[in-house]
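A quick write-up on the structure given underneath.
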Amino acid sequence: MSEEILMKVTGLKVVLPEKEGGETVIVDGVNLDIPRGKTVGLVGESGCGKSMTARSLMRLLDTPIYIKEGAIEFGETNLTALTEKEMRRIRGQKISMIFQEPMTALNPSITVGKQVREAILLHQKVSKKEAKDRVIKMFRDVGIPDPELRYKAYPHQLSGGLRQRICIAMAMVLEPELLIADEPTTALDVTVEAQILALMKQLQSSHGMSILMITHNLGVVADICDEVNVMYAGEIVEHAQKTELFHNPRHPYTLGLMKAIPRVRGKMDEELYTIQGTVPSFSDMPKGCRFCERCSFAEERCKAEHPPLVDIGNGHLVRCFREVSE
Amino acid sequence: MTKRRKQRQDTLAQMAGKTNPVLQVWKNFRRNPVALTALLILLAMVVVAVASGFVFDYNTQVVGLNPADRLQSPNSAHWFGTDAFGRDVFIRVIYGARYSLFIGIVTSAVSMLLGIIIGASCAYFGGIYDIVMMRVMDSIVCIPSMLLMLALVAVLGKGMNGIIIALIATSVPGFSRIVRSIVLNVVHQEYVEAAVACGTSHREIIVRHILPNCFGPILVDVLMSVAGCIMAASSLSYLGMGIQVPAPEWGAMLSDATPLLRAYPYLAIFPGIAIVLTSLCFNLIGDGLTDALDPKNR
Amino acid sequence: MEPLVQVEHLVKHFKSRAGWVKAVDDVSLEIYPGETLALVGESGCGKSTLGRLILRLMEPTSGSIRMNGEELSHLKGKELRKKRSQMQMVFQDPFSSLDPHFTVGEVIAEPLRNLGLSKEEQQKQVLELLERVGLQPEHYYRYPHQFSGGQRQRVGIARALAPNPQLIVCDEAVSALDVSIQAQILNLLRKLQKESNLTFLFISHDLAVVRYVASRVCVMFLGQLCEICPVEDAYQHPLHPYTRMLIDSAPEPDPDFSREDRMLLEGELPSPVNPPEGCRFCTRCPFATKECKETKPEMKDYGNGRFCACHHPLA
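Residue numbers (our numbering), protein chains in the order written: chain X, 1 to 326; chain C, 1001 to 1298; chain A, 2001 to 2315.
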């Protein structure tokens, strides 16, 4: 298992200071390893902290939210120690990001070609003509038909799928080592989603970059991820290689999620399995295991103690005392 | 049965912590120190403005000529000094609040009423009515407001009535546009569609859903416009087209002070501060209300 | 069995800057009492518009909508409002479909208020409804923003149930919710249907979700119906190529699933202002022939409740 680790996140803690003093912890001690050339999934439902984790890696948190503790080692540098100016040199060039809503990620009053070209000109000293040529080539690589024509188009003239391809082009044009994708297909139709996922897989193998895929959709994870982290209430509760996770989920939350997903193929159960209750709010976090109130396997110990992340073999980590199986 | 129903309602209310919405807005507003200070200052101004009508004698103290005391710098007898006619500037500034506050409040209230009627009806009914009405408003907005006001005053005559009508005429078009877009925004919300789906009548939708959701932004806008009206009234008076001398309107006082500015700056400073302070207070209260009215703060 | 709702040759055109958008173009279908009919399609196919036309939240350009035999398409004003208690809607966005100034009690009571019930009766029924949808009585005086998305959606469902309607249209009612909450709401809808023998028109883009609630499925593309069939047929043996592609494109939470032989869509969606002359789907269909480009396919009955509008249906 000697892969080169591109980015190593240790003990990341992101907090939101409260008005009356005190603070709400949004991301609580997350460790994440992103190997070179692989796709890592970060799965969880809304409010679990996965988007905040992604933004922290790019140091894109809105004040007053800030990184309280933790190290983000990217190659030789610790990203938490960089100044804003140094961080700008990394963004777009070494690490780039694509977001959920391609319409709001693009400037509506500038042509898409110019926007992508701007990304190049900001970081590299090349002529405008050369930048334009690279943009058109990138458009072709991401499957945009008639790239020369589309270069002059405005975002509102393009469909959702095309806009997301433009965003991907903009993120990839400088050949970053890491692409962070924050729910990139959630706002797209399912037929377009399938195309975009296929595109991302193809780009990854041709460019050798790593992808951190943030999503709530286990189907997307099963499609393109190599390894998976499951997040709940600000913590990672399970981590495993993809096949291991789907064949052998050990955390009750992961198990519940997999059973609660309605499926298009295969046999159908009479009733959809539900995980009762709701995610505890960040200001009201239980002392012991954060999932214990919703867990059908909970014991006394779970309420009192907070379980640590334990390696159960094969690099499969689980945060659970009971550590159940199907 | 009624008693038991009331008991049940009370228990429910207690359990749920039902709050009086008006009280809640006030509580939220109180938490903003800047807005609260502005409100207190404004209230003090209003009290003083009203009281000054009873305390000071207009003919002797406010406009009475007193050549012997002319052009004194601020001292213990005359806190803001005296002007070229020997009149006490402090008394004149305080008395002048009556004009500014009256004009500002009356103008805004009437503009708001007309603006709401025009803007809301355009937004709700749309169609040809909306198109025609908005073009009429647009054509008025195109004319620089100061020129329009001067023209109107020239026709209607100078003095209190002239200013008020001129200010209303220039405020209503802009205001109705703002009201129209606020109402349009609310009309397209999904909860309005849901109300239609429930079978709620047009009238009830407007009264129960649309107006309460527009009220906040409109009220805030009205307060901001008071500030603008005060400034505009002072400008008109400065140009001699508004409240006429010897009335102690702040703008008119600034006009008197202009030739003497170099040697006696205090003659302009105090009325100037008064104008700015009053406008600022209305603006800050408007700001504070924006946050206080947000239903998410209940 | 007599259908509860009959839609015939329904058309809705919108004027846009680019021209007339044919959002719903000659749609005919029937909804039977006690069933859940799913209306499936991607964005821009017109399913939401169709749902709103049936509820008369919009006026159709032409065509007929009949409920219990009564014609609804030309009703206006007070007559229309009276009919509203028979058909209700659960909206997609649990945030914007509840008035932020109304308490939960007031939201749910609104349809009852319109029916002229007394205040006591309104309160009594609202408390019952709160219990039926799994909320607590003390939520009566709370405001929507104090609830989570799933709870707000329960309020929306309670509001739709209040006037005892015969038909409830769910417009992407679970799309904005997390997976675990989605499952709760879907189970709730199924339970309510069994209890009150409700009829649902379930609009969704998510085929997986639809499989759990629907008894029949209608697939829509660019304003027209492609296929109508019993639910499992859509998944096991779809007739229309578009249905097959929708199924194949859906992500599968199984890493061993073979993604190679899926039929994926090519190209871009044609503009709804200038749809192709013949079959709407021909520009994206791998089986399109000259006939497909020139002639619009009719909806044919293939027996066993299966209908398909395609010149070259699968299987």
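C-beta atoms are modelled at their ideal positions from N, C-alpha and C, and glycine is treated no differently.
Identify, in the order they occur along the chain, each residue of the same chain with its Cβ nearer than 6 Å to the Cβ of Leu-1101/C, setting aside the five sequence neighbours on each side. Position 101 of the second sequence, counted from the start, is the residue given in the question as residue 1101/C. Spatial neighbours of Leu-1101/C in its own chain (CB-CB distance under 6 Å, excluding positions within 5 residues in sequence) are listed in chain order as Ala-1049.
Is the Cβ of Pro-1212/C closer than 8 Å to any Cβ of chain A? Here residue 1212/C refers to the residue found at position 212 of the second sequence. With a threshold of 8 Å between beta carbons, Pro-1212/C makes contact with chain A.
At the level of alpha carbons, what is the spacing between Glu-73/X and Met-172/X? On the first sequence, position 73 is the one that residue 73/X refers to. On the first sequence, position 172 is the one that residue 172/X refers to. Looking at the two C-alpha atoms, the distance is approximately 21 Å.
Any idea what DSSP makes of Trp-1250/C, helix, strand or coil? The residue you call residue 1250/C lines up with position 250 of the second sequence. Note: Trp-1250/C maps to helix in three-state DSSP.
Which residue or residues does DSSP assign as beta-bridge partners of Ala-2038/A? Mapped onto the third sequence, residue 2038/A falls at position 38. The partner list for Ala-2038/A (beta bridge, DSSP) reads Phe-2202/A and Val-2217/A.
Let me see if you follow: with CB-CB separation under 8 Å, is Gln-1024/C close to chain A or not? Residue numbering aside, residue 1024/C sits at position 24 when the second sequence is read from its first letter. Under the Cβ distance rule, Gln-1024/C does not count among the residues neighbouring chain A, no pair being separated by less than 8 Å.
Once DSSP output is grouped into helix, strand and coil, what is the label at Asp-1287/C? By one-based count along the second sequence, residue 1287/C stands at place 287. In the structure shown, the three-state DSSP call for Asp-1287/C is helix.
Using Cβ-Cβ distances below 7 Å, what residues of the segment 2077-2110 of chain A are close to chain C? Along the segment 2077-2110 of chain A, the positions whose C-beta sits under 7 Å from a C-beta of chain C are Arg-2081, Arg-2084, Ser-2085, Gln-2088, Met-2089, Phe-2091, Asp-2093, Ser-2096, Ser-2097, Leu-2098, Asp-2099, Pro-2100, His-2101 and Glu-2110, read in chain order.
For a cutoff of 8 Å on Cβ pairs, would you count Ala-222/X as touching chain A? Mapped onto the first sequence, residue 222/X falls at position 222. Interface flag for Ala-222/X against chain A is set, since a Cβ pair is found closer than 8 Å.
What residues in its chain sit with their C-beta under 8 Å from that of Arg-2244/A, if we drop five residues either side in the sequence? Counting from one through the third sequence, the residue named residue 2244/A turns up at place 244. Apart from the 5 residues on each side of it in sequence, Arg-2244/A sits with its Cβ closer than 8 Å to the Cβ of Pro-2238, Met-2263 and Leu-2314 in its chain, given in chain order.
Can you look up Pro-17/X in the DSSP assignment and give me helix, strand or coil? Numbered from 1 along the first sequence, position 17 holds the residue referred to as residue 17/X. Three-state result, Pro-17/X: strand.
Given 8 Å as the limit, is there contact between the segment 222-230 of chain X and the segment 40-49 of chain X, that is, 3 or more CB pairs closer than that? In this structure the segment 222-230 of chain X touches the segment 40-49 of chain X; the number of beta carbon pairs closer than 8 Å is three or more.
Sequence-distant residues of its chain with Cβ nearer than 6 Å to Val-15/X (five each side left out): Position 15 of the first sequence, counting from 1, holds the residue named residue 15/X. Residues Glu-23, Val-25 and Lys-68 of the same chain have their beta carbon placed closer than 6 Å to that of Val-15/X, with the five preceding and five following residues left out of the count.
Proximal residues to Thr-186/X (C-beta, below 6 Å), its chain only, five neighbours per side dropped: Residue mapping note: residue 186/X aligns to position 186 of the first sequence, counting from 1. Once the five neighbours on either side are set aside, the close Cβ partners of Thr-186/X are Gln-100.
Would you say Ala-1195/C faces chain A, with C-beta separation under 8 Å as the test? Counting from one through the second sequence, the residue named residue 1195/C turns up at place 195. Residue contact check for Ala-1195/C against chain A: a CB pair falls below 8 Å.
If you draw a straight line from the alpha carbon of Leu-245/X to that of Glu-2232/A, how long is it in whole angstroms? Stepping through the first sequence from its first residue, residue 245/X is reached at position 245. Stepping through the third sequence from its first residue, residue 2232/A is reached at position 232. Across the structure, Leu-245/X and Glu-2232/A are spaced so that their CA atoms are roughly 29 Å apart.
Nearest by alpha-carbon distance to Ser-2016/A: which of Lys-2296/A, Ser-2271/A and Arg-2132/A is it? Residue numbering aside, residue 2016/A sits at position 16 when the third sequence is read from its first letter. Ser-2016/A has its Cα closest to that of Ser-2271/A, out of Lys-2296/A, Ser-2271/A and Arg-2132/A.
Along the chain, where does the alpha helix (DSSP H) containing Met-1231/C start, and where does it finish? On the second sequence, residue 1231/C is found 231 positions in, with the first residue counted as 1. Its alpha helix (DSSP H) spans residues 1211-1238.
Distance check for Pro-35/X and Glu-4/X, CA to CA, integer angstroms please. What you label residue 4/X is simply residue 4 of the first sequence in a count that begins at 1. What you label residue 35/X is simply residue 35 of the first sequence in a count that begins at 1. If you draw a straight line from the Cα of Glu-4/X to the Cα of Pro-35/X, it comes to about 6 Å.
Look at Pro-2241/A and Cys-2282/A and say whether their C-beta atoms are less than 8 Å apart. Position 241 of the third sequence, counted from the first residue, corresponds to residue 2241/A. Position 282 of the third sequence, counted from the first residue, corresponds to residue 2282/A. Against a cut-off of 8 Å, the Cβ pair of Cys-2282/A and Pro-2241/A comes out as no contact.
Coarse secondary structure for Met-1/X, derived from DSSP in three states: Start at 1 with the first residue of the first sequence, and residue 1/X comes out as number 1. Because Met-1/X carries a pLDDT of 45, less than 50, the predicted location of this residue cannot be relied on, and the following value inherits that uncertainty. Here DSSP, grouped into helix, strand and coil, assigns Met-1/X to coil.
Kindly indicate if chain A contains any beta-carbon less than 8 Å away from that of Thr-191/X. As a working mapping, residue 191/X is identified with position 191 in the first sequence. Under the Cβ criterion of 8 Å, Thr-191/X is counted among the residues facing chain A.
Closer than 8 Å, CB to CB, is Ser-1201/C near chain A or not? Position 201 of the second sequence, counted from the first residue, corresponds to residue 1201/C. Between Ser-1201/C and chain A, the shortest Cβ-Cβ separation is below 8 Å.
Among Asn-2164/A, Leu-2117/A, Thr-2295/A and Lys-2191/A, the one whose alpha carbon lies nearest that of Thr-2036/A: Numbered from its first residue, the third sequence carries residue 2036/A at position 36. Measuring from the Cα of Thr-2036/A, the nearest candidate turns out to be Lys-2191/A.
Which class does Met-194/X belong to by DSSP, given the choice of helix, strand or coil? Indexing the first sequence from 1 puts residue 194/X at position 194. Checking the displayed sequence, the identity of residue 194/X turns out to be Ala instead of Met. Correct three-state label for Ala-194/X: helix.
Give the single residue among Cys-2310/A, Glu-2070/A, Phe-2091/A and Thr-2061/A whose Cα lies nearest to the Cα of Ala-1195/C. Here the question's residue 1195/C lines up with position 195 in the second sequence. Measuring from the Cα of Ala-1195/C, the nearest candidate turns out to be Phe-2091/A.
Is the segment 1147-1159 of chain C touching the segment 1086-1093 of chain C, taking contact as three or more C-beta pairs under 8 Å? Here the segment 1147-1159 of chain C makes no contact with the segment 1086-1093 of chain C; the two share fewer than three CB pairs at distances below 8 Å.
Going by the beta-carbon positions, is the gap between Ser-1171/C and Ser-1225/C smaller than 8 Å? Here residue 1171/C is taken as the residue at index 171 of the second sequence, counted from 1. Here residue 1225/C is taken as the residue at index 225 of the second sequence, counted from 1. Yes, Cβ-Cβ distance for Ser-1171/C and Ser-1225/C is below 8 Å.
Are the CB atoms of Ser-1235/C and Met-1146/C nearer to each other than 8 Å? Locating residue 1235/C in the second sequence gives position 235, counting from the first residue. Locating residue 1146/C in the second sequence gives position 146, counting from the first residue. Taking the C-beta atoms as reference points, Met-1146/C is found nearer than 8 Å to Ser-1235/C.
Apart from the five residues just before and just after Arg-91/X, which ones in its own chain have a Cβ nearer than 7 Å to its Cβ? Translated into the one-based positions of the first sequence, residue 91/X becomes position 91. The beta carbon of Arg-91/X sits closer than 7 Å to the beta carbons of Met-58 from its chain, once the five residues preceding and following it are set aside; these are given in chain order.
Write down the C-beta distance between Ile-2203/A and Ser-2043/A rounded to the nearest angstrom, noting that I regard them as a contact closer than 8 Å. For the purposes of this step, residue 2203/A is taken as residue 203 along the third sequence, with counting starting at 1. For the purposes of this step, residue 2043/A is taken as residue 43 along the third sequence, with counting starting at 1. The Cβ separation is near 12 Å, so there is no contact.
If you measure from the beta carbon of Asn-2114/A to each beta carbon in chain C, is any gap under 8 Å? For this step, residue 2114/A is matched to residue 114 along the third sequence. Using a CB distance cut-off of 8 Å, Asn-2114/A counts as an interface residue toward chain C.
With DSSP as the reference, please indicate the residues paired to Ile-2014/A in a beta bridge. Within the third sequence, the letter at position 14 stands for residue 2014/A. The sequence given here has Phe at residue 2014/A, not Ile. Answer is Val-2021/A, bridged to Phe-2014/A.
Which same chain residues end up closer than 7 Å to Leu-2029/A when comparing Cβ atoms and leaving out the 5 residues on each side of it in sequence? Taking the first residue of the third sequence as 1, we reach residue 2029/A at position 29. Cβ within range, chain order: Val-2007, Cys-2218, Leu-2225 and Ile-2228.
Reference Ser-1181/C; option with closest CA among Ala-1227/C, Ile-1143/C, Glu-1193/C and Met-1134/C: Locating residue 1181/C in the second sequence gives position 181, counting from the first residue. The residue with the shortest Cα to Cα distance from Ser-1181/C is Met-1134/C.
Who does Phe-2307/A pair with in a DSSP beta bridge? Taking the first residue of the third sequence as 1, we reach residue 2307/A at position 307. In DSSP, Phe-2307/A forms a bridge with Ile-2228/A and Asp-2301/A.
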